[in-house]
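**Student:** Residue numbers (the working numbering): 704 to 813.
Where a beta carbon is used, it is the ideal one built from N, C-alpha and C, also for glycine.
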Ligand SMILES: NC(=O)c1ccc[n+]([C@@H]2O[C@H](COP(=O)([O-])OP(=O)(O)OC[C@H]3O[C@@H](n4cnc5c(N)ncnc54)[C@H](OP(=O)(O)O)[C@@H]3O)[C@@H](O)[C@H]2O)c1
């Protein structure tokens with residue numbers, strides 16, 4: 704697939720499935736912005752992914768509306784947005800072991 708000239712925002716692109724998707728999109732020639740809360744994690748992903756001319760990073764917490772608005776105000780036009788972000792800490796456990804707050808955080812972040 705030729706993704707030349709395509710601009711993609713991947714929220715959650717600093718690890719897991721978002722990182723894998725970012726790698727694939729960069730290989731196909733897209734311009735990619737990966738976003739997440741942790742700057743160090745984003746920088747590590749940047750090192751790992753390469754393609755410095757086509758890759759940007761953005762620190763954002765998508766559970767904060769003001770941060771989301773600021774991101775879109777500065778990022779400019781996009782062709783695609785993908786979000787794999789979710790606060791899954793403590794949520795992948797046996798049902799009786801899941802704290803209600805952990806379950807609520809997953810739903811709210813998604
Ligand atoms: N991996 C699996 O086997 C699997 C299976 C079924 C479903 N899923 C679902 O697929 C999604 C992604 O899974 P994954 O394994 O790729 O997860 P992951 O490796 O934990 O990656 C989550 C990404 O989202 C970012 N993130 C989390 N909360 C955020 C927030 N509030 N604002 C902005 N960025 C945020 C994280 O960076 P920071 O922490 O730095 O913000 C990270 O880049 C999740 O919704 C998960 O429930 C995964």
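When we look at the beta-carbon of residue 748 and count the other beta-carbons within 10 Å, is it buried (16 or more) or exposed?
**Tutor:** Counting Cβ neighbours within 10 Å, residue 748 comes out buried, since at least 16 surround it.
**Student:** Excluding the 5 residues preceding and the 5 following residue 744 in the sequence, name in chain order all residues of the same chain whose CB lies nearer than 7 Å to its CB.
**Tutor:** If we look at residue 744 and ignore the five residues flanking it on each side, its Cβ neighbours are 717, 718.
**Student:** Per DSSP, which one or two residues make a beta bridge with residue 781?
**Tutor:** Answer is none; residue 781 lacks a bridge partner.
**Student:** With contact counted as at least three CB pairs below 8 Å, one residue from each stretch, are the segment 716-735 and the segment 796-806 in contact?
**Tutor:** Output reads no: the segment 796-806 does not touch the segment 716-735.
**Student:** Can you tell me whether residue 763 is helix, strand or coil according to DSSP?
**Tutor:** The answer is coil: DSSP assigns residue 763 none of H, G, I, E or B.
**Student:** Between the Cα of residue 791 and those of 806, 759, 763, 781, spot the shortest distance and give me the residue it belongs to.
**Tutor:** Checked all of 806, 759, 763, 781; the closest Cα to residue 791 is 806.
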